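Chains as they are written, first to last, in the numbering used here: chain A, 44 to 1048; chain B, 101 to 295.
Positions of the beta carbon are idealized from the N, C-alpha and C atoms, including for glycine.
No experiment lies behind these values; they were computed from the predicted model shown.
Next up, the structure:
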């Protein structure tokens, strides 16, 4: 069986290539696959009907999940496979004529159709609940693709989606049910579950099993288009007609029936089975038949007819008696034969005449008598006319339900069901007649439809199916023999009940004068009456209001879901960062605060306000808080920045008071550089800092801020009070000294004990630096800036556009005069600056300080292992030195001071750090393992070198690269933007003679 | 363990100020708020170190518990430098925003506002479609299937051409046009607010 599946799926994958080579004739090649499988299937008749009762195959798949390819072919699977493979082959043959030579996308279509045949075969032979589910969903997806074949048509897309939504929704319910069932039974093997079904139903988990079965039935109901989900099937008629014939008549919609038939032997006695199966089945049969009479599209007549028949089949198959089981499968086969025939006929009519509308078709019978005969056989079988398959099967059904109605256990409902069944059969007869009349009759007042001649190959598939219908009707003995083993599953073991075959009865043309025959006769009479009184019936039907419609209900449900989704999106997705943050932060304080209040936990007892070791903290704290409040209140941009800096420096002091010299040093350096960066970046922004949020929002912000701050204080108190374990860092001093060879525990922690952290961090630094450069330069990193030698003296940052008569202009003239005096070059590129931008004192100080700072930064780097300092502090110190050079001498000075690329520095730094991590690995150690090397140098004396210093050097270089990137981007590049703009402004001025005020103000800022 | 209330109260004040600032529209203030939050968080980590104690510089005679806890210090050191990098990045963003849009403000997302204003009508799902009675439409002439369908309400064309969307009635064509990609049915004002 796995071979059959493999062949189907493999050929499906190759199908597009075949279509490219052979065009639409490739359908014949595809048809050979199910046809060959069909022959194989016939050969399996012997083993399947041997004493073993089935052939089984189990291949391992995912043992860990208890999933396996378990297949089992018993009589039920064999009968359904006949239908799946036989009709599949015929439909594929039919496709070769149905589609045009030049139709698009046939490759994909053929592949999907063949894969569908494979999936359907897999579904009926699967012996594992989960495997069954996988094939089940596979058919759903393929059905979606096939319905949506004409993807440029809205109707096809929408129907495909609707079918997908409904069947997958049911599929999900079914999955839950299957898992419940498998879990309760302890196995997912279907045959094993069916063997133990009586114990499961009667046992302690009986209620659970009943619920599971109902969930599984939901899957079957949606798949087989039963009320209230019946409407997707008529919608699915947007599919090409061969697809409708195969999926929506013969195969896929039968999956639900199959599932009911599969479970019925074990579970038809559970609590909800009969109401669901009989109730919904009957409702579907009547609704489908009623609706079919209203259609004017012959394909829709058939579609609603199919809905009706599916309800009918569900009832029969689900009844759970031997005679009903026999009748159900007989009807299933008969239905597959005649319904496929009729759909294929509809396809031919549509193809040859270009319409399926009852009101336009006229005189088709005269155009093609052969077609009419084929269709007539199908329709007669559907109506249950004697000598045909439909009659044989329907007689058995009526027989079974007459028995059921007579059964005292069924009570009055037995009669109701029987009456409903007869009414449904009357409707069936009426719409069968309507179909024949609508498709073939001569209608007065309608012009005969132009009809092209049909090629015999086109008609072959429906003709073969019609012949089978006749053969089955005339000689039902083989079919009877095929079904008997399945019907025997329902046989009562009681001694007086008789043999299984006696309980089930037999399929036959003539049973004698039975009540069933009488009912059939009644059906015919009433059906004929309905057909001839069709105008009266139509008038009655038009009185029913239009809102009673499942499709409408679906549209309303989906529409309501859409409305809710849009409403919720509109309320939550405001597009306002303020709104999102307010919600998030409110939750962030409200939740913990509530919990803390509710739990009523006492505060820990060792709180202290003043640290006896450093009472000054209170004073510094006051400064920090005042700085923060001032930053909040400030309405000048730089004042606010300055106030934040005050808190930053205050924090640095706090670090110092808390015995954290490294932190104090680093914070101090960072705060300084940040301040410079702020000023550089914001010089073009207006000085005013307007608060644009209104009073209401401000109150909300104050509340959120205060509440959040309070929450954090208490969360911290409780968290720290709850701490009981000994801190891991108590071992750090020892580790640092003996393992890391350093006295500065913090630094050793950074470069040795937690080196991975630090490595991650410098990577982030490199990324952030690159980010800054990208934001300002957009492309490149500005490494190509020219050397100062090529820049004319005093050209950088020259002021333009100053009103010649103003005081400002006079001041400018004086400073220019001073600058023209020859001056010693304190710094290399100072001469490039415009005279009014130079400061002699600053240049001299820079000259004096720069080298000392660089040396000091190196000292910090190297001494950091034992004293406060380290790579971060050293790198920041070097960065500060560069900042001073830049501020004193402008962008060309910075360029002279650092003739390297910032990106290069970042890369080298990362590489050094990475190498210092990897090198120990190459020497047989671990990543980031450090070693202590002691040696003697002539002048320096004894030297103790720890290899983790190399890592710190990498950190140093990365930090220098970061600062350099910031200076080049926020400083030098923005300078250049200004110069360009002010040059442009000056040129404007020369041209027009006027002063563009805005531009010069900006340039000045 | 012992809890230093001074540090925690300063931390709380910084958090409160920082939160107040990041709820502002001005990008500069948001950045300043972030810096205050970073400082507050550093204080929180610092407070976990307990009493001030001795600076964590190893000396043979000192017991491990007498130092200020070195682990939080190492974490803070990392945090300080990362905050610097993030601040620089934000400064880059502020400058770029200013260059591009001459604005220093967080603006509402126009696309989000558009979504909020869009009716739930979707042409793909909700539009009326003609009934097709043939797959071979070249020969299909003059379909008038509207009133015999089960898919849609019968009625005169004027009724059907309207859809109710978001509480108001609008012509179906307009509703469909709004669903086209790139439609701007919410015209943003220069302030970034809708309408």
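Would you report the Cα separation of residue i and residue j, rounded to the nearest angstrom?
i               : j              : result
residue 142(B)  : residue 978(A) : 40 Å
residue 769(A)  : residue 127(B) : 43 Å
residue 181(B)  : residue 634(A) : 32 Å
residue 596(A)  : residue 512(A) : 38 Å
residue 699(A)  : residue 663(A) : 11 Å
residue 228(A)  : residue 94(A)  : 26 Å
residue 925(A)  : residue 959(A) : 27 Å
residue 378(A)  : residue 526(A) : 15 Å
residue 149(B)  : residue 805(A) : 25 Å
residue 114(B)  : residue 677(A) : 15 Å
residue 974(A)  : residue 792(A) : 15 Å
residue 50(A)   : residue 76(A)  : 7 Å
residue 799(A)  : residue 971(A) : 8 Å
residue 1010(A) : residue 912(A) : 23 Å
residue 57(A)   : residue 69(A)  : 11 Å
If the cut is a Cβ gap below 8 Å, which residues of chain A does residue i touch?
i              : result
residue 161(B) : Those do not exist, as residue 161(B) stays about 11 Å from chain A at its closest Cβ, beyond 8 Å.
Please tell me whether residue i has its Cβ less than 8 Å away from any Cβ of chain A.
i              : result
residue 109(B) : yes
residue 201(B) : no
residue 257(B) : Unreliable positioning characterises residue 257(B) in this predicted model, as indicated by a pLDDT of 42, which lies under 50. A coordinate reading is not provided.
residue 238(B) : Interpretation of residue 238(B) is limited by its pLDDT of 45, a score under 50 that renders its predicted location unreliable; no figure is taken from the coordinates.
residue 283(B) : Note that residue 283(B) scores a pLDDT of 44, beneath 50, so its modelled location is shaky; the value from the coordinates is reported in the next line. Not one chain A Cβ lies under 8 Å of residue 283(B).
Find the residues of chain B that neighbour residue i, judging by a C-beta separation of less than 8 Å, and give them in chain order.
i              : result
residue 759(A) : 103, 108, 111, 144 and 147
residue 814(A) : 189 and 192
residue 804(A) : 178, 181 and 182
residue 819(A) : 192, 195 and 196
residue 613(A) : 215, 216 and 217
With 8 Å as the threshold, decide whether the Cβ of residue i is near any Cβ in chain B.
i               : result
residue 272(A)  : no
residue 399(A)  : yes
residue 410(A)  : no
residue 787(A)  : yes
residue 649(A)  : yes
residue 620(A)  : yes
residue 571(A)  : no
residue 800(A)  : yes
residue 386(A)  : no
residue 5(A)    : Because residue 5(A) is not part of the residues shown, which for chain A are 44 to 1048, the question remains open.
residue 725(A)  : yes
residue 1002(A) : yes
Please confirm whether any heavy atom of the ligand ADP lies closer than 7 Å to the CB of residue i.
i              : result
residue 174(B) : Ligands are entirely absent from the displayed structure, and the ligand ADP is therefore not among its contents.
Can you list the residues of chain B that residue i reaches, using a CB-CB cut of under 9 Å?
i              : result
residue 793(A) : 174, 177 and 178
residue 584(A) : Those within 9 Å of residue 584(A) in chain B number zero; the least Cβ separation is about 11 Å.
Excluding five sequence neighbours on each side, which residues of the same chain lie with their C-beta closer than 6 Å to the C-beta of residue i?
i               : result
residue 878(A)  : 837, 858, 859 and 862
residue 1006(A) : 922
residue 80(A)   : 47 and 128
residue 523(A)  : 549 and 550
residue 220(A)  : 255, 258 and 259
residue 786(A)  : 909
Can you find the residues in the same chain that come closer than 8 Å, C-beta to C-beta, to residue i, ignoring five residues on each side of it along the sequence?
i               : result
residue 472(A)  : 426, 427, 566, 567, 569, 570, 571, 573 and 574
residue 1019(A) : 934
Which residues in the same chain have their Cβ closer than 7 Å to the Cβ of residue i, if we skip the five residues on either side of it in sequence?
i              : result
residue 194(A) : 200
residue 980(A) : 986
residue 89(B)  : Examination of residue 89(B) is not possible in this model, given that chain B is present from 101 through 295 alone.
In chain B, what lies closer than 7 Å to residue i by C-beta?
i               : result
residue 1025(A) : By Cβ distance, chain B contributes nothing, its closest Cβ being about 15 Å from residue 1025(A), past 7 Å.
residue 606(A)  : 220
Quiz prompt | alpha helix (DSSP H) segments (min. 4 residues) lying fully within the stretch 123 to 183 of chain B | solution = For the stretch 123 to 183 of chain B, whole alpha helix (DSSP H) runs of length 4 or above, ordered along the chain, are 127 to 147.
Self-check item: Ranges of the beta strand (DSSP E) found wholly within the stretch 86 to 130 of chain A, counting only runs of at least 3
Solution: 98 to 105 and 110 to 116, all fully within the stretch 86 to 130 of chain A.
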